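Residue numbers (the UniProt record's numbering): 1 to 332.
C-beta: ideal position from N, C-alpha, C; glycine also.
All values reported here derive from a predicted model rather than from experimental measurement.
Below is one structure, written out as structure tokens; comments come after it.
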Amino acid sequence: MMNDSQTFHTYGDIKDWRLDIFQKSSFTHETLNDVHDNIMRAVVDLAVKQMESERGQIPARFAFIVMGSSGRWEQSLLSDQDHGIIFDGHDKHRDYFLQLGEEIVKGLDICGYEKCEGKVMANNPNWTKSLKNWEEKLKEWLDHKSWENLRHFSIFTDARVLRGDRDLLNQLKQPILNKISSDQETLMRLCDNVQYIKKGVGMFGQLLTEQKGPGKGLLDYKDTILFPYVNSARLLAYSEAITETSTSKRLDMLPRHLHEFRAYKDSFEKAIAFRLRLTNPDHGYELIHYVATDTLTKQEKETLKTWMKDGQLFLKRVTAMLKNSKNRGIDV
Numbered sequence: 001m002m003n004d005s006q007t008f009h010t011y012g013d014i015k016d017w018r019l020d021i022f023q024k025s026s027f028t029h030e031t032l033n034d035v036h037d038n039i040m041r042a043v044v045d046l047a048v049k050q051m052e053s054e055r056g057q058i059p060a061r062f063a064f065i066v067m068g069s070s071g072r073w074e075q076s077l078l079s080d081q082d083h084g085i086i087f088d089g090h091d092k093h094r095d096y097f098l099q100l101g102e103e104i105v106k107g108l109d110i111c112g113y114e115k116c117e118g119k120v121m122a123n124n125p126n127w128t129k130s131l132k133n134w135e136e137k138l139k140e141w142l143d144h145k146s147w148e149n150l151r152h153f154s155i156f157t158d159a160r161v162l163r164g165d166r167d168l169l170n171q172l173k174q175p176i177l178n179k180i181s182s183d184q185e186t187l188m189r190l191c192d193n194v195q196y197i198k199k200g201v202g203m204f205g206q207l208l209t210e211q212k213g214p215g216k217g218l219l220d221y222k223d224t225i226l227f228p229y230v231n232s233a234r235l236l237a238y239s240e241a242i243t244e245t246s247t248s249k250r251l252d253m254l255p256r257h258l259h260e261f262r263a264y265k266d267s268f269e270k271a272i273a274f275r276l277r278l279t280n281p282d283h284g285y286e287l288i289h290y291v292a293t294d295t296l297t298k299q300e301k302e303t304l305k306t307w308m309k310d311g312q313l314f315l316k317r318v319t320a321m322l323k324n325s326k327n328r329g330i331d332v
């Protein structure tokens, strides 16, 4: 699909390549996320060249990190931007990296990646910081455990390095996860933050669709089906200090006494593959996570209900286990 020797001279070149490959190719979940990675890396590389031509050589080691579905390697055909930058050295370099972030945001936008509504992007000072300032910010989020701070912390822990020095992210994630894994109070607060699950099945067994907004009449597939698995696996990663970010890999990395939770991996992977089959990019990013239930067969509807039930049970069991940490590993 793309080789290391392939070069692009403009963001428009990358956009054209993206459109061409999306029109000519069919994807599995894995190959799709590989393509997204290649597109975003090409944008970052071109942005770095642009910055170095305007302001000189990159002044410090850095890591461009992606978060959200990109960080978890769980993107659909269309995706928005969720990213940041960690840089080494003095905070005086921040202006350079914020400008680099602005260039990356521009390039990704041109190439079809919607800007993040929550502004979780590398042109935002909240998401581009020196290593030292990132350490301080993570400590602040955990010292002041508001819902918003813990949401930001959860976003960060889904981060992976797309370009740059992987060690910079490792220096932040591993120590903080080691600390959380033995901090019952913080685990409980993180657990409480994800207890709400959007209801997907009504009292008569029917699939529930949105009553208003752009998704009116459609099922919110991401919130009702996928997120309970994502949140459950992330909580388990916190409890075991696992730095992997994808839901499947987090479950793969569970120690022996938690292997029972690996059973949920199959449902999640089938659900995310089914989403790809249903996705119509012509509807735009705003509707990419919604499904028209009237296009589904009776068996498909029952399968979706089963995935919802399994995801809810997964979160319930993980929550029960974490609330009684002395009984970890016991089938609850």
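Extent of the continuous alpha helix (DSSP H) to which residue i belongs
i	result
phenylalanine 314	298 to 323
glycine 107	94 to 110
histidine 36	29 to 55
phenylalanine 8	Per DSSP, phenylalanine 8 belongs to no alpha helix (DSSP H) and is neither H nor E.
valine 230	227 to 240
lysine 265	264 to 278
arginine 72	Neither: arginine 72 is in no alpha helix (DSSP H) and is coded neither H nor E.
leucine 190	184 to 192
lysine 249	247 to 252
isoleucine 155	147 to 157
Cβ neighbours of residue i in the same chain (closer than 6 angstroms, five flanking residues each side left out)
i	result
serine 219	The residue asked about is misnamed: residue 219 is leucine in this sequence, not serine. Cβ neighbours of leucine 219 beyond the five flanking positions: Leu207, Thr209, Val291, Thr293.
lysine 139	none
glycine 200	Leu208, Thr224, Met308
serine 232	Phe314, Leu315, Val318
asparagine 33	Trp73, Gln75
valine 194	Asn231
alanine 63	Ile86, Val161, Gly164, Asp165, Leu168, Leu169
lysine 212	none
phenylalanine 27	none
lysine 249	none
Contact set for residue i: own chain, Cβ-Cβ below 8 angstroms, skip 5 residues either direction
i	result
threonine 306	Ser267
asparagine 327	A caution first: asparagine 327 carries a pLDDT of 47, below 50, which makes its placement in the model unreliable, though a value can still be read off. Only Met321 meet the Cβ criterion.
histidine 93	Pro59, Ala60, Phe87, Ser130
glutamine 50	Glu103
histidine 36	Ser70, Gln75, Ser79
aspartate 4	Note on aspartate 4: pLDDT 49, under 50, position unreliable in the model; no value is reported.
aspartate 158	Met67, Gly68, Gly71, Arg72, Arg234, Thr245
lysine 301	Leu207, Thr293
arginine 41	Leu162, Arg163
arginine 262	Leu251, Asp252, Leu254
glutamate 135	Leu172
residue 333	This structure cannot settle anything about residue 333, because the visible part of the chain is limited to 1 through 332.
residue 333	As shown, the chain starts at 1 and ends at 332. That puts residue 333 outside it, with no answer to give.
threonine 297	none
alanine 241	Gln174, Leu177, Asn178, Ile180, Ser181
glutamate 269	His29, Ser248
glycine 217	Thr209, Glu210, Ala292
Expected contact under 8 angstroms - CB spacing of residue i and residue j to nearest Å
i	j	result
threonine 247	tyrosine 229	6 angstroms
alanine 122	glycine 84	5 angstroms
glycine 112	lysine 15	7 angstroms
glycine 12	isoleucine 110	7 angstroms
glutamine 312	isoleucine 197	6 angstroms
leucine 190	leucine 236	Contact doesn't hold; Cβ gap of about 11 angstroms is too wide.
proline 281	leucine 77	4 angstroms
aspartate 192	tyrosine 264	With a Cβ gap of about 21 angstroms, aspartate 192 and tyrosine 264 do not count as contacting.
7 angstroms CB neighbourhood of residue i in its chain, flanking five on each side removed
i	result
cysteine 116	Asp80, Gln81, Asp82
leucine 278	Val291
alanine 271	Ile225, Leu226, Trp307
serine 239	Ser181, Leu187, Leu322
alanine 47	Leu100, Glu103, Ile104, Gly107
histidine 152	Trp141
aspartate 91	Ser130, Asn133
The beta strand (DSSP E) enclosing residue i, as first and last residue numbers
i	result
histidine 83	83 to 87
serine 130	128 to 130
leucine 162	160 to 164
isoleucine 65	62 to 66
Beta-ladder partner(s) of residue i, from DSSP
i	result
residue 410	Shown here, the chain extends from 1 to 332; a query on residue 410 therefore has no answer.
tyrosine 290	Asp220
valine 201	Leu207
Task: Meets three-Cβ-pair contact criterion under 8 angstroms: the segment 274 to 290 and the segment 171 to 190 - done: Segment contact: the segment 274 to 290 against the segment 171 to 190, fewer than three CB-CB distances shorter than 8 angstroms; contact not assigned.
Task: Given 8 angstroms, three or more beta-carbon pairs between the segment 98 to 113 and the segment 143 to 152 - done: Contact between the segment 98 to 113 and the segment 143 to 152 is absent: fewer than three C-beta pairs spanning the two stretches fall below 8 angstroms.
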